[in-house]
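In order, the protein sequences belong to chains G and X.
So for the first sequence, the numbering used here puts the first residue at 37; every next one is plus one.
So for the second sequence, the numbering used here puts the first residue at 7; every next one is plus one.
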Amino acid sequence: MSRFVDPLVVGRVIGEVVDLFVPSVAMAVSYGAKDVSNGCHVKPSMAADQPLVRISGRRNDLYTLVRTTWVHAPVAGWLPRSPRVVLLYPLVHIHAWELAADDFPLAWCLQLMTDPDAPSPSDPTMREYLHWIVMNIPGGTDATKGDVVVPYMGLQPPVGIHRYVLVLFEQKSRLVDGCASPPADRPYFNTRAFAFNHELGLPVAVVYFNSQREPSGNRRRR
Amino acid sequence: MEMPGGSGGAALARQGSIYSLTFDQFQTALGGAGKDFGSMNMDELLRNIWTAEESNAIAAAAPAAAQPQQQAILRQGSMTLPRTISQMTVDEVWRDLMGFCDEEPADPLPPQPQPQAQAQRQPTLGAMTLEEFLVRAGVVREDMGGQTVVVPARAQPLFPPQGNVVATTMQMGNGVVGQGAGGGMAVAAPTTPVVLNGFGKMEGDDLSSLSPVPYPFDTAMRARKGPTVEKVVERRQRRMIKNRESAARSRQRKQAYIMELEAEVAKLKENNEELQEKQVEMLQKQKNEVIERIEQQLGPKAKRFCLRRTLTGPCRAAAVYVVELRHHPVIVQ
Numbered sequence: 037m038s039r040f041v042d043p044l045v046v047g048r049v050i051g052e053v054v055d056l057f058v059p060s061v062a063m064a065v066s067y068g069a070k071d072v073s074n075g076c077h078v079k080p081s082m083a084a085d086q087p088l089v090r091i092s093g094r095r096n097d098l099y100t101l102v103r104t105t106w107v108h109a110p111v112a113g114w115l116p117r118s119p120r121v122v123l124l125y126p127l128v129h130i131h132a133w134e135l136a137a138d139d140f141p142l143a144w145c146l147q148l149m150t151d152p153d154a155p156s157p158s159d160p161t162m163r164e165y166l167h168w169i170v171m172n173i174p175g176g177t178d179a180t181k182g183d184v185v186v187p188y189m190g191l192q193p194p195v196g197i198h199r200y201v202l203v204l205f206e207q208k209s210r211l212v213d214g215c216a217s218p219p220a221d222r223p224y225f226n227t228r229a230f231a232f233n234h235e236l237g238l239p240v241a242v243v244y245f246n247s248q249r250e251p252s253g254n255r256r257r258r
Numbered sequence: 007m008e009m010p011g012g013s014g015g016a017a018l019a020r021q022g023s024i025y026s027l028t029f030d031q032f033q034t035a036l037g038g039a040g041k042d043f044g045s046m047n048m049d050e051l052l053r054n055i056w057t058a059e060e061s062n063a064i065a066a067a068a069p070a071a072a073q074p075q076q077q078a079i080l081r082q083g084s085m086t087l088p089r090t091i092s093q094m095t096v097d098e099v100w101r102d103l104m105g106f107c108d109e110e111p112a113d114p115l116p117p118q119p120q121p122q123a124q125a126q127r128q129p130t131l132g133a134m135t136l137e138e139f140l141v142r143a144g145v146v147r148e149d150m151g152g153q154t155v156v157v158p159a160r161a162q163p164l165f166p167p168q169g170n171v172v173a174t175t176m177q178m179g180n181g182v183v184g185q186g187a188g189g190g191m192a193v194a195a196p197t198t199p200v201v202l203n204g205f206g207k208m209e210g211d212d213l214s215s216l217s218p219v220p221y222p223f224d225t226a227m228r229a230r231k232g233p234t235v236e237k238v239v240e241r242r243q244r245r246m247i248k249n250r251e252s253a254a255r256s257r258q259r260k261q262a263y264i265m266e267l268e269a270e271v272a273k274l275k276e277n278n279e280e281l282q283e284k285q286v287e288m289l290q291k292q293k294n295e296v297i298e299r300i301e302q303q304l305g306p307k308a309k310r311f312c313l314r315r316t317l318t319g320p321c322r323a324a325a326v327y328v329v330e331l332r333h334h335p336v337i338v339q
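Below is the structure:
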């Protein structure tokens, strides 16, 4: 599982923004047609609107468990005699289980996006700059189904190449809009403190990407 | 180490090499600040030279600074001499030079590529050019002191590729601060290749041993030139640190991206394999299901199939069954 986390460690996201954690929820972020993977480069022009953040499944280990049982059951059935209807049942059974995983009474999720390299990566005095907070995201859906606490702000890296980190937390319970006090200001945000204040614990999923100010002239492709 | 663009060098090129100046001219250029070269240490002499050089560069680049002595840049041991020379004063070196030359009048100083060097052997220190003096001091000292660096031997073969070699040797030895000097040296190379090669080699070897030497001298220089010296030095150092950090960050970024890509590739490969396995199994199941159903359907009527002649009706029915089953869509979900 560490291979999911290594890019975050090397990219100094774990350490500067969050603490070491074990990813337990699969989060897929995409700006339009472009899927965001750790450390990829996104142009600010592409990131003007909020991305589609899809949360899928409860735990990764649950998925693997389901998969292995699928594989083993038919093999056991083949050997003794000619295959009969018996084999069909396990298949159906496992599918049902997968559906149940998604519908599991998943705690609500809170997702936020910050820029730890504001205003400049060599001089991050305003670390971190908050871009977006959505809470009460039901599991298995996407961020549009949640309540927006801090509206999405586009990317405006003034100097250097900035990292933008999307962190997903699991809420213990559904947060009422009033009690989740929105941060007063966008700069000088602290993810750890925020998580501590709202008892969110360690994150369950983190993704980060890079972006830099588009030079007016040439286009750079990563 | 990087050179600070071509601006310093370009400025110096316009200025001409400072080494062509004689001691007297150099003295006057410093505005009498270098009052007593005779009793000055070799180190101090070098400092003055570089100071003037740097101030020339800056003066050329920034016309506001008219006086050379306003902006003297210190060299923090970036270019130093072997121990034997640095502690000696200029006078002593000069005397040695004269003595050496007197002892072996017929011996042309080995690394002198310029035939006119011997003709320039003036009796007075003041009339001798800096270049000449330094050459002799550096080279001659090497011979006498028996230093490990074989400067004379190297200087001649290195003479042709002047600029590159000097630039690289400068870069090798230069510390943070010596960028201006390096640039200046590189430009001065065409006229004083031997000098700089000598210094380059020397500094490469003796840098560590001589780094503490310049420090006592700093205060003297500072008192003379004012607080701006530190600022420029500090600015340069800060810039270099920032650049290093930025380079490190860039490497980190690249590494993180590559790790992420590798992880994704591994994940996708796994996925692919599983899906392919699944597909194979699905096809198998479909096939088996069809066979099953056929068997099921035809089981009770298998006997009738054999009795062809008498049972035309059931035969047709079996055929219909078979046809039906074959076209029956199999749903395995």
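Just so you know, even glycine gets a beta-carbon here, dropped at the ideal spot from N, CA and C.
Excluding sequence positions up to five away, which residues of its chain have a Cβ less than 6 Å from the Cβ of residue i?
| i | result |
| --- | --- |
| Phe245 of chain G | Val72, Cys76, Val78 and Tyr200 |
| Arg249 of chain G | Pro193 |
| Ala70 of chain X | Annotation note: pLDDT 45 at Ala70 of chain X (below 50); position unreliable, coordinate value reported separately. For Ala70 of chain X, where only same-chain residues beyond five positions count, there are no Cβ hits under 6 Å. |
| Met149 of chain G | His167, Trp168 and Leu202 |
| Pro223 of chain G | Met162 and Tyr165 |
Run through DSSP, which three-state label would residue i get?
| i | result |
| --- | --- |
| Phe205 of chain G | strand |
| Phe230 of chain G | helix |
| Arg90 of chain G | strand |
| Lys70 of chain G | strand |
| Asp178 of chain G | strand |
| Met63 of chain G | strand |
| Ala67 of chain X | A caution first: Ala67 of chain X carries a pLDDT of 48, below 50, which makes its placement in the model too unreliable to give a value. |
| Arg250 of chain X | helix |
| Leu2 of chain X | An answer regarding residue 2 of chain X cannot be provided, because it is not within the stretch 7 to 339 covered by chain X. |
| Ala262 of chain X | helix |
| Met288 of chain X | helix |
| Leu281 of chain X | helix |
| Val240 of chain G | coil |
| Asp153 of chain G | coil |
| Leu166 of chain G | strand |
| Arg249 of chain G | coil |
Determine, for residue i, whether the minimum Cβ-Cβ distance to residues of chain X falls below 8 Å.
| i | result |
| --- | --- |
| Cys76 of chain G | yes |
| Arg90 of chain G | no |
| Thr105 of chain G | Residue confidence for Thr105 of chain G is low, a pLDDT of 40 falling below 50, so the modelled location carries little weight; the figure read from the coordinates is stated next. It does not; no Cβ of chain X falls within 8 Å. |
| Ser73 of chain G | yes |
| Ile197 of chain G | yes |
| Val324 of chain G | Residue 324 of chain G is absent from the model: chain G starts at 37 and stops at 258. |
| Pro59 of chain G | no |
| Ser158 of chain G | yes |
| Asp221 of chain G | no |
| Asn172 of chain G | no |
| Asp42 of chain G | yes |
| Asn226 of chain G | no |
| Asn233 of chain G | no |
According to DSSP, what are the bridge partners of residue i?
| i | result |
| --- | --- |
| Leu146 of chain G | G:Phe205 |
| Asp183 of chain G | G:Met171 |
| Asn294 of chain X | Its beta-bridge partners do not exist; DSSP assigns none. |
| Val41 of chain G | Paired residues: none, contrary to the question. |
| Tyr200 of chain G | G:Phe245 |
| Val54 of chain G | G:Ile50 |
Can you find a C-beta in chain G that's less than 8 Å from the C-beta of residue i?
| i | result |
| --- | --- |
| Leu266 of chain X | A small correction: the amino acid at residue 266 of chain X is Glu; Leu does not occupy that position in the sequence shown. Yes, contact with chain G. |
| Ala269 of chain X | yes |
| Lys275 of chain X | no |
| Asp262 of chain X | One point to set straight first is that residue 262 of chain X is Ala, not Asp, in the sequence displayed. Judged by the 8 Å Cβ criterion, Ala262 of chain X is in contact with chain G. |
| Arg259 of chain X | yes |
| Arg255 of chain X | yes |
| Glu251 of chain X | yes |
| Lys237 of chain X | no |
| Glu8 of chain X | The predicted model places Glu8 of chain X with a pLDDT of 43, which falls under 50 and marks its position as unreliable, so this point remains unresolved. |
CB-CB under 7 Å to residue i, same chain, minus the five flanking residues each way: which ones, in chain order?
| i | result |
| --- | --- |
| Pro43 of chain G | Asn74 and Gly75 |
| Tyr67 of chain G | Val78, Met82, Ala83 and Pro87 |
| Gly152 of chain X | The pLDDT assigned to Gly152 of chain X is 41, lower than 50, so where the model puts this residue is not dependable, and the model offers no usable value. |
| Ser256 of chain X | none |
I believe residue i touches residue j by the beta-carbon criterion, under 8 Å. Please report the beta-carbon distance rounded to the nearest angstrom.
| i | j | result |
| --- | --- | --- |
| Leu146 of chain G | Phe232 of chain G | About 13 Å; that fails the 8 Å criterion. |
| Val89 of chain G | Val58 of chain G | Incorrect: roughly 20 Å between the Cβ atoms, too far for contact. |
| Met63 of chain G | Val243 of chain G | 6 Å |
| Glu164 of chain G | Val53 of chain G | 7 Å |
| Gly176 of chain G | Ser92 of chain G | 6 Å |
| Gly182 of chain G | Val195 of chain G | With a Cβ gap of about 32 Å, Gly182 of chain G and Val195 of chain G do not count as contacting. |
For residue i, would you say it is in contact with chain C, using Cβ-to-Cβ distances shorter than 8 Å as the test?
| i | result |
| --- | --- |
| Thr227 of chain G | Among the protein chains of the structure shown, namely G and X, there is no chain C. |
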